[in-house]
Amino acid sequence: MTDLPTLRESLEAHGLLAKKSFGQHFLLDLNITRKIVRLAGPFEGRAVIEVGPGPGGLTRAILESDAGKVVLIEKDHRFLPLLGELDTGDGRLSIVEGDALKVDQSKLVEGPTHIVSNLPYNVGTPLLIDWLTGAWTPVAMTLMFQKEVAERIVAQPGDDAYGRLAVISQAVAEAKIVMHLPAAAFTPPPKVASAVVHVVPRADRPDPQTLKRLERVTAAAFGQRRKMLRSSLKQLGGGALCEAAGIDPDARAETIDIDGFLKLAKALA
95 MTDLPTLRES LEAHGLLAKK SFGQHFLLDL NITRKIVRLA GPFEGRAVIE VGPGPGGLTR
155 AILESDAGKV VLIEKDHRFL PLLGELDTGD GRLSIVEGDA LKVDQSKLVE GPTHIVSNLP
215 YNVGTPLLID WLTGAWTPVA MTLMFQKEVA ERIVAQPGDD AYGRLAVISQ AVAEAKIVMH
275 LPAAAFTPPP KVASAVVHVV PRADRPDPQT LKRLERVTAA AFGQRRKMLR SSLKQLGGGA
335 LCEAAGIDPD ARAETIDIDG FLKLAKALA
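Written out as structure tokens, the structure is:
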């Protein structure tokens, strides 16, 4: 990687600019990308998937690490030639052109797989939910989000940011913010700061049916978060559902912890 031109030189050589419609903001400081990869590892030869690599700043750091197979999923075809320049021909790097929301990632790798990505802002949340609740689950994820989204993932009951995303994320995984980045770290700078979240799925995650019910319960509860649960959950059973779960029907969604929502989801069965 040390023999390659700088990321800025590569972008200029290919005449590339970030596309606002794709939510692109490039991280060009290799000291930062290397730190993110250190926080994500060690990989010990396991596969790593990166979504939205863009000019490849994070990719270079991943390829310098102890990762095994490295798979890039890039929707913007303009970056494919630039990313191809990172391929040393040893078969370690694989580049897939496509939308990560539609690509079956389970067919791209074998065995335990890490995901390390500076996620495009417009698809970060749905991708996280898909990885957490879908049939295929990574062994760990180290993901960059807008700071506001990162705070929503790790929020606790009573926090202003506590909502559906926190409940679903923490019901199936342990998540913590491991790094903060100012807008000035990116090219072009976004209007908000960013944060890196490290997510590790739980071994005792709820079964798929419970997760589906959890999504229904949290959608109703936080859709009317200022109302008591007996009202916000009325279509799902209201007070009777709460009593079956052992939850105070006069409580509001933002005060119920993860275990409480899981009890509501199981009672919904």
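In the working numbering, the protein residues as written are 95 to 363.
Here a beta-carbon is modelled for each residue, glycine too, at the ideal position from N, C-alpha and C.
Residues near residue 350 in its chain [Cβ-Cβ closer than 7 Å; skip 5 each side]: 251, 341
DSSP three-state assignment for residue 263, whether helix, strand or coil: helix
Environment of residue 263 [buried if 16+ CB atoms lie within 10 Å]: buried
Alpha carbon of residue 304 to alpha carbon of residue 297, nearest angstrom: 15 Å
Cβ-based burial, residue 199 [other Cβ within 10 Å; buried from 16]: buried
DSSP-derived helix/strand/coil call for residue 237: strand
Contact the segment 214-232 vs the segment 173-185: 3+ CB pairs below 8 Å: no
Nearest-angstrom Cβ-Cβ length linking residue 197 and residue 163, presumed shorter than 8 Å: About 15 Å separates the two Cβ atoms, so there is no contact after all.
In DSSP terms, what residue 208 is bridged to: 142, 234
Beta-carbon proximity of residue 247 to residue 286, cut-off 9 Å: no
Run of the beta strand (DSSP E) containing residue 191, from where it starts to where it stops: 187-191
Residues of its chain near residue 230, where Cβ-Cβ distance is below 7 Å and the 5 sequence neighbours each way are ignored: 199, 200
Close Cβ partners of residue 328 (< 7 Å) along its chain, the five nearest in sequence each way excluded: none
Classification of residue 232 by the beta-carbon crowding that lies within 10 angstroms, buried from 16 upward: buried
As assigned by DSSP and simplified to three states, the class of residue 268: strand
Local conformation of residue 286 per DSSP, three classes: coil
Residue 366 versus 270, 288, 267, residue with shortest Cα-Cα distance: Residue 366 is absent from the model: the chain starts at 95 and stops at 363.
Three-state class that DSSP yields for residue 171 in the structure shown: helix
Nonlocal neighbours in the same chain, by C-beta distance under 8 Å from residue 284, ignoring five residues either side: 119, 215, 240, 277
9 Å Cβ cutoff met for residue 343 and residue 362: no
C-beta atoms of residue 221 and residue 255 nearer than 9 Å: no
7 Å CB neighbourhood of residue 213 in its chain, flanking five on each side removed: 145, 146, 221, 237, 238, 239
The alpha helix (DSSP H) enclosing residue 361, as first and last residue numbers: 352-362
Residues near residue 319 in its chain [Cβ-Cβ closer than 8 Å; skip 5 each side]: 257, 326, 346, 347, 348
Pairwise C-alpha distance: residue 358 and residue 334: 11 Å
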